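Here it is, written out as structure tokens:
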């Protein structure tokens with residue numbers, strides 16, 4: 143209602159979602175207060191529109207229109223990689239997904255590309271110097287830049303330095319990138 147302007151009030155929102163027209167990450171959601179988070183894909187079949195939830199430069203959620211091809215996947219950040227029951231390796235992502243048997247090269251802080259239809263990992267991007275990154279926490283929330291360096295501070299917070307498209311350099315904690 144507030145972002146897409148398809149409904150004027152909460153009652154209209156309820157009627158739209160109860161018609162099963164709205165999909166979040168490929169699943170029909172009928173709860174008008176369903177919490178859509180970062181990188182979630184919202185699809186409206188009737189109008190054949192797809193949107194991705196991202197941060198704007200002021201750190202607010204914004205709805206970004208995407209193509210149907212781009213709506214088939216989502217990016218997720220790896221929060222942890224561990225061995226589970228019976229020594230099965232798994233990785234947990236920022237959106238609460240658990241993927242069993244990930245690529246052995248996937249480490250914490252990497253980004254993985256998830257196919258929405260199957261829920262499987264199709265590709266991954268290493269967290270390295272020279273890669274593009276989006277800040278997802280702290281004062282620089284929503285800023286996008288190229289990683290220039292990573293300072294390791296054992297026993298404290300690691301610092302990542304980024305440079306945005308305009309050329310401004312900024313630093314934030316590793317957990318915020």
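Residue numbers (the numbering used here): 143 to 319.
Each residue gets a CB set at the ideal place from its N, CA and C atoms; glycine is no exception.
Remember, it's a predicted structure, so these values are computed and weren't measured experimentally.
> By how many angstroms is the C-alpha of residue 222 removed from the C-alpha of residue 160?
Replying inline: When rounded, the separation of the alpha-carbon atoms in residue 160 and residue 222 is 36 Å.
> How many Å lie between residue 288 and residue 150 at the Cα?
Replying inline: Answer to the nearest angstrom: the Cα atoms are 40 Å apart.
>> Quick check on residue 227: does DSSP put it in helix, strand or coil?
In response: In the structure shown, residue 227 sits in a helix (DSSP, three-state: H, G or I).
> Should residue 175 be labelled buried (16 or more other beta-carbon atoms within 10 Å of its own) or exposed?
Replying inline: Residue 175 is exposed by the Cβ-count criterion.
>> With DSSP as the reference, identify every bridge partner of residue 263, one or two as the case may be.
In response: According to the DSSP secondary-structure assignment, residue 263 is paired through a beta bridge with 256.
> residue 198 and residue 183: beta carbons closer than 8 Å?
Replying inline: Contact: no.
>> Once the 5 residues before and after residue 247 are set aside, which same chain residues still bring their CB inside 7 Å of it?
In response: Take residue 247, set aside five residues on each side of it, and no residue of its chain has a beta-carbon closer than 7 Å to its own.
> On the premise that residue 317 lies in contact with residue 303, defined as a C-beta separation below 8 Å, what is that separation, rounded to the nearest angstrom?
Replying inline: Not really, about 15 Å apart at Cβ, beyond 8 Å.
> Once you ignore the five residues that flank residue 285 on each side, which residues in its own chain have a CB closer than 8 Å to its CB?
Replying inline: Result list for residue 285: 199, 276, 277, 304, 306 and 312, in chain order.
> For the putative contact between residue 213 and residue 185, defined by C-beta atoms under 8 Å, what is the C-beta separation to the nearest angstrom?
Replying inline: Yes, residue 213 and residue 185 are in contact; Cβ-Cβ is about 6 Å, under 8 Å.
> Less than 8 Å separating the beta-carbons of residue 263 and residue 216?
Replying inline: No. Outside cutoff.
> What is the rounded straight-line gap between the Cα of residue 235 and the Cα of residue 271?
Replying inline: Near 21 Å, if we compare the C-alpha coordinates of residue 271 and residue 235.
> How long is the line joining the alpha carbons of residue 308 and residue 253, rounded to whole angstroms?
Replying inline: Distance between residue 308 and residue 253, taken at the CA atoms: about 24 Å.
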